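Student: Residue numbers (this note's numbering), protein chains in the order written: chain A, 48 to 264; chain B, 48 to 264.
Quick reminder that beta carbons are idealized off the backbone N, C-alpha and C, glycines included.
Quick caveat: nothing in here was measured; it's all calculated off a predicted structure.
Structure incoming, see below.
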DNA sequence: CCTACCGATCGGTAGG
DNA sequence: CCTACCGATCGGTAGG
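Next up, the structure:
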C-alpha cells in the first residue's frame, strides 16, 4: 500500500490505524513492520510513536473497535423485530455486511487473535463468543418454537457464521450484486439451513431458473 | 508443541514436516522460527537443514500435499454416483472431513497462501480455484436439471465451501458427534442451501425436536 | 548431529 | 518530524 498524497500535518492517529489495518489484512501482523506502515504514510518509523504507543496497541485498537461495531450491529438487527425467522434474517444480513463493508477489519480479527497477548486475547475471544452465542440463541429459540428444524443448533450456528466469510472471498465491488443483495441471498441460505423454506414452492416442487428470483422468501 | 520421546535416529523428513505443520497452524508461518521447529524435535536449528532445503520448502510441501489430497478426495466423492444431489452430499462430506481429519494442513492452506513466493503461490491458488469450481459445476448442473434452486450458483458454492470451516472451529474430538456425523449434518445444510428439502416434511411442516434426527434426508 | 557465526531485519528509544 | 542506534531475533552457512 502506498499513500500518494499526504502532507505531514495530515498524519493522525486514525490515519496510522487506517494504513495499519490495510497492511495487517494484506500481509499479516507479523509480516508488517512499523517501517512498512511509516513508508506508506511517507514518514520514518520512529515518527509513528508520536501517534501510537506500540505496534500491538495498534492491533488491539483495530480488533476491539471492529468487534464492538459488529456486536452493536448484531444486537440492533435482532432488536428490530420479534419474529425469530426475521431476526435470523437480519442477523445474517448484519453478519455478511460486516464482511463486505469492513473486510480488512474482519480479516484481522479472524487471523490475528493469536498475535495478541493477554489480557486482550481473552477479551477478544469473549466478544467473538458472545457474537456466536447470539446466533445460537436465535436458532435454539426458533427450534423450540417449532419454526426451525435442525439436529444441532450449535452446529447450524457455526455453519451460518462461517458462511459469511464466503461472501467476503467472493465479493467484488461493482460486480453483479451489491453488498445488500449479497447479504439478502446469504440470509436466505441461513433460513434454509435452519429448515425455513418457502412453503408454496416446496409443495409444487417446480423447477426454478437459477438466474431467476424465485428463491426469495 | 514439544515432542517428548525422540532419539536422534528417528528424526526424518516426515517428522520435521509433521512438527512444522503443527507449529505453522498454531502460531502462523512467520511467527514460527526454524529454532522453534528444531526445539520441538530436540535438536538445533542448523541440523534441520539435513532434512529440508529451506523453511519455505517446508511450507510448499505441506500446502501441495494437502491440496492434492483434498482434490483427489473431492473427485472420488463426485465420481461415486450420477445423482447430482448425492454428488453434492458426498462432495460436502469430503470437504468437511478435510477440515476435521487434517485441521492443521487446512489451516495452513487457508492462512499462509500470502506467505508463499511465486510460482508456488499461483499454483496453490489455481488448485484452490479448481476445488471451488468442482462445487460450482455441481450446483450449476443441479440447477439446470431443475433439482436445485438458487439465484447464483457461484454465491451458493462459496457459502458451502466456507461453511466447512465452521466444522473445524466447532469440532472437538470425542464430543457429541463423530467426524462422519458432523460431515453428514453439514452435507444436509449444503442440500438445503441449494433448495433440496425433504418433501414430506416440508408439506406437513410439523415441529421437529432440535435433538431429534428428523432432518436427515 | 553440533558450535560458532553471518548479514538482515525487527520493535523501539535517545536526543534533538 | 528526523538521524543514529540499541539489543534481540531471524534464516541460513561454514566447518567439523
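Tell me which same chain residues have a C-beta within less than 6 Å of the C-beta of residue 120(B), skipping the five on either side of it?
Tutor: The residue labelled residue 120(B) in the question sits at position 73 within the second chain. Same-chain partners within the cutoff: 141.
Student: Which of the three DSSP states is assigned to residue 210(A) in this structure?
Tutor: As a first step, residue 210(A) must be located in the first chain, where it is residue number 163. In this structure, residue 210(A) counts as helix in the three-state DSSP scheme.
Student: Leaving aside the five residues before and after residue 171(A) along the sequence, list all residues of the same chain whose C-beta is less than 8 Å from its C-beta, in chain order.
Tutor: Looking up residue 171(A) in the first chain gives position 124. So the list reads 110, 111, 114, 156, 160 and 163, once near-sequence residues are dropped.
Student: Does residue 24(B) pass the burial test, meaning 16 or more other C-beta atoms within 10 Å, or should it be called exposed?
Tutor: With chain B covering 48 to 264 only, the question about residue 24(B) has no answer from this structure.
Student: Indicate whether residue 151(B) and residue 68(B) have their beta-carbon atoms separated by less than 8 Å.
Tutor: As a position in the second chain, residue 151(B) is number 104, starting the count at 1. As a position in the second chain, residue 68(B) is number 21, starting the count at 1. Yes, Cβ-Cβ distance for residue 151(B) and residue 68(B) is below 8 Å.
Student: If you run the structure through DSSP and keep just helix, strand and coil, what is residue 70(A)?
Tutor: Numbered from 1 along the first chain, position 23 holds the residue referred to as residue 70(A). Residue 70(A): helix per DSSP, three-state reduction.
Student: Scan the region 208 to 223 of chain B for residues whose Cβ lies nearer than 8 Å to a Cβ of chain A and list them as they occur along the chain.
Tutor: From the region 208 to 223 of chain B, only 208, 209, 210, 211, 212, 213, 214, 216, 217 and 223 have a Cβ closer than 8 Å to chain A.
Student: Using a C-beta to C-beta distance shorter than 9 Å, which residues of chain A count as neighbours of residue 151(B)?
Tutor: Numbered from its first residue, the second chain carries residue 151(B) at position 104. Within chain A, no residue comes near residue 151(B); the closest Cβ sits about 14 Å away, beyond 9 Å.
Student: Is the Cβ of residue 158(A) closer than 8 Å to any Cβ of chain B?
Tutor: Translated into the one-based positions of the first chain, residue 158(A) becomes position 111. Interface residue, yes.
Student: Could you check whether the region 205 to 223 of chain A touches the region 201 to 209 of chain B, counting it as contact only if at least three pairs of C-beta atoms, one from each stretch, sit closer than 8 Å?
Tutor: Cβ pair count under 8 Å is three or more, so yes.
Student: Using a C-beta to C-beta distance shorter than 8 Å, which residues of chain A count as neighbours of residue 229(B)?
Tutor: As a working mapping, residue 229(B) is identified with position 182 in the second chain. Chain A residues near residue 229(B): 202.
Student: Closer than 8 Å, Cβ to Cβ, to anything on chain A: give me those residues from the region 67 to 84 of chain B, in chain order.
Tutor: So the close ones are 73, 74, 75, 77 and 78.
Student: Between the region 175 to 188 of chain B and the region 118 to 137 of chain B, do three or more beta carbon pairs fall short of 8 Å?
Tutor: Taking 8 Å as the limit for Cβ pairs, the verdict is that the region 118 to 137 of chain B does touch the region 175 to 188 of chain B.
Student: Comparing the C-beta of residue 127(B) with each C-beta of chain A, is any distance below 8 Å?
Tutor: Within the second chain, numbered from 1, the residue matching residue 127(B) stands at position 80. Not an interface residue.
Student: Under 8 Å, Cβ to Cβ, is there at least one residue of chain B near residue 178(A)?
Tutor: Residue mapping note: residue 178(A) aligns to position 131 of the first chain, counting from 1. So no, residue 178(A) is outside the interface.
Student: Using CA coordinates, which residue listed in 90(B), 77(B) and 73(B) is at the minimum distance from residue 59(B)?
Tutor: Walking along the second chain from the start, residue 59(B) turns up at place 12. Checking every option, the nearest Cα to that of residue 59(B) belongs to 90(B).
Student: Which residues in chain B have a C-beta closer than 7 Å to the C-beta of residue 206(A)? List them in chain order.
Tutor: Within the first chain, numbered from 1, the residue matching residue 206(A) stands at position 159. Per Cβ cutoff of 7 Å: 210, 213, 233 and 236.
Student: If you follow the alpha helix (DSSP H) that residue 93(B) is part of, which residue opens it and which one closes it?
Tutor: Residue numbering aside, residue 93(B) sits at position 46 when the second chain is read from its first letter. Here the alpha helix (DSSP H) through residue 93(B) covers 92 to 95.
Student: Using alpha carbons as the reference points, say which of 232(A), 74(A) and 66(A) lies closest to residue 200(B).
Tutor: Residue numbering aside, residue 200(B) sits at position 153 when the second chain is read from its first letter. Out of 232(A), 74(A) and 66(A), 232(A) has the C-alpha closest to the C-alpha of residue 200(B).
Student: Among 220(B), 238(B), 88(B) and 116(B), which residue has its Cα nearest to the Cα of residue 62(B)?
Tutor: Counting from one through the second chain, the residue named residue 62(B) turns up at place 15. Residue 62(B) has its Cα closest to that of 88(B), out of 220(B), 238(B), 88(B) and 116(B).
Student: CB residue 226(A) to CB residue 147(A), shorter than 8 Å?
Tutor: Counting from one through the first chain, the residue named residue 226(A) turns up at place 179. Counting from one through the first chain, the residue named residue 147(A) turns up at place 100. Yes, these two residues count as a Cβ contact at 8 Å.
Student: Mapping DSSP to helix, strand and coil, what is residue 165(A)?
Tutor: Taking the first residue of the first chain as 1, we reach residue 165(A) at position 118. Here residue 165(A) sits in coil by DSSP.
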